[in-house]
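Now the structure itself:
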């Protein structure tokens with residue numbers, strides 16, 4: 001018996017076989033196994049974290065929606081409006097019907113202070129967010145529930161960030177749009193320092209939400225003189241580009257009626273037609289390098305839906321457009337989510353029930369909701 005145990009201890013499993021075995025394990029198990037030894041941590045970080053977990057998730061059938069929820073209330077403090085907020089990440093319970101979905105989750109941030117609305121960017125399994133327009137940038141991993149606050153030397157009156165991923169070098173980067181200069185921070189860089197880069201547009205603001213597609217961050221920009229631009233930032237080369245948009249799309253962009261989405265790995269610009277409120281236009285950038293565009297109109301897509309509804313994204317790889325009302329009062333939970341299939345020209349709805357213990361809604365509270373349409377598991381350590 002003792003000899004058998006000794007022989008078991010002497011078994012040397014080849015590294016490539018070890019990696020293949022580990023690749024088949026659930027993401028959360030791998031995150032725990034990193035604690036076994038330094039050798040296991042090194043193997044998992046070097047050979048598995050890089051791509052296999054996220055790639056495995058991306059090749060699965062259409063995934064259920066996840067939600068980022070921001071519960072907030074305005075408090076009067078010495079004649080000032082102070083905002084109390086908490087942020088939670090919600091995921092679907094296994095029990096689900098076509099018309100009702102039960103969600104649970106956890107609070108990953110609480111904050112009290114002054115400033116405007118928070119902003120979120122979900123990129124390949126990580127959440128980049130700010131609690132206020134003058135706060136630092138933080139990154140949260142919903143799979144491991146770790147988070148990191150990026151270093152800052154001083155905070156200007158307004159901080160504008162972009163968050164993206166370079167699939168060629170497997171790097172996450174954050175861009176800080178500052179008045180004096182633009183800077184880039186590479187997640188996982190041992191120096192943990194911001195680097196100065198050049199910006200062809202000069203100082204500008206990001207207006208609305210950004211979307212990262214195939215290593216490029218697309219967003220609407222505004223200069224101090226309120227001149228608007230459609231911009232992209234190449235995460236790998238760290239270069240800004242001006243995007244030439246069709247004239248009719250440009251008019252919608254200037255009026256603020258456009259939502260950017262990842263539509264089958266292409267930039268989609270979705271806008272409600274103001275003449276009848278029921279039809280929706282979508283411009284699709286067919287070729288990023290040549291900036292060639294196509295356009296399609298979905299007739300009566302929003303008919304009989306709430307007026308305040310907006311497009312929250314497109315499911316991957318299913319291709320359904322997700323429509324939500326972003327802000328809810330305490331008496332309106334849970335929200336209703338609508339799914340529109342542009343191929344079959346049909347829609348469906350689902351009532352989202354969110355556990356009250358998660359939000360603890362009070363009469364003065366409001367809840368803002370972001371739909372995560374491309375959730376993937378990611379065990380990258382922060």
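Numbering (my numbering), first residue to last: 1 to 382.
Using N, Cα and C, we set each Cβ at its ideal position, and we do this for glycine too.
Note that the structure is a prediction, hence the values are computed from the model and not measured.
Residues near residue i in its chain [Cβ-Cβ closer than 6 Å; skip 5 each side]
i, result
"residue 257", "271"
"residue 6", "Reliability of the predicted coordinates at residue 6 is poor, the pLDDT of 49 falling under 50, and the value obtained from them is presented with this limitation in mind. There are no such residues."
"residue 262", "211, 213"
"residue 20", "none"
"residue 194", "183, 185"
"residue 135", "none"
"residue 259", "270, 311"
"residue 171", "186"
Cβ pair residue i, residue j closer than 9 Å
i, j, result
"residue 86", "residue 107", "yes"
"residue 314", "residue 337", "no"
"residue 204", "residue 221", "yes"
"residue 122", "residue 341", "no"
"residue 162", "residue 150", "no"
"residue 323", "residue 305", "yes"
"residue 12", "residue 381", "no"
"residue 206", "residue 160", "yes"
Span separating the alpha-carbon of residue i from that of residue j
i, j, result
"residue 251", "residue 312", "21 Å"
"residue 188", "residue 65", "28 Å"
"residue 273", "residue 286", "22 Å"
"residue 295", "residue 325", "25 Å"
"residue 248", "residue 378", "39 Å"
"residue 219", "residue 208", "8 Å"
"residue 234", "residue 240", "6 Å"
"residue 348", "residue 370", "19 Å"
"residue 226", "residue 28", "46 Å"
"residue 131", "residue 366", "16 Å"
"residue 169", "residue 277", "43 Å"
"residue 22", "residue 166", "25 Å"
"residue 146", "residue 317", "27 Å"
"residue 15", "residue 42", "12 Å"
"residue 179", "residue 190", "26 Å"
"residue 245", "residue 300", "25 Å"
"residue 30", "residue 37", "12 Å"
"residue 39", "residue 267", "41 Å"
"residue 319", "residue 264", "7 Å"
Neighbour-count burial assignment, residue i, 16 or more Cβ in a 10 Å radius
i, result
"residue 281", "buried"
"residue 253", "buried"
"residue 35", "exposed"
"residue 297", "exposed"
"residue 302", "buried"
"residue 138", "buried"
"residue 242", "exposed"
"residue 343", "exposed"
"residue 17", "exposed"
"residue 237", "exposed"
"residue 143", "buried"
"residue 173", "buried"
"residue 164", "buried"
"residue 289", "exposed"
"residue 140", "buried"
"residue 199", "buried"
Chain C within 9 Å of residue i, Cβ atoms only
i, result
"residue 249", "Among the chains of the structure shown, chain C does not appear; only one protein chain is present."
Same chain, Cβ closer than 7 Å to residue i, neighbours up to 5 away in sequence not counted
i, result
"residue 175", "161, 162, 182, 184, 233"
Beta-carbon proximity list for residue i, same chain, < 8 Å, skipping 5 on both sides
i, result
"residue 201", "221, 223, 229, 231, 240, 242"
"residue 309", "302, 323, 324, 325, 338"
I'd like the ranges of any alpha helix (DSSP H) spanning at least 4 consecutive residues and lying wholly in the region 146-218. none
Please list the segments of the beta strand (DSSP E) lying wholly inside the region 275-344, counting only runs of 3 or more residues, in order along the chain. 280-287, 292-298, 310-314, 321-324, 327-329, 336-341
Entirely enclosed beta strand (DSSP E) segments - the region 226-270, minimum 3 residues: Counting only runs of 3 or more, we get 228-234, 239-242, 259-263.
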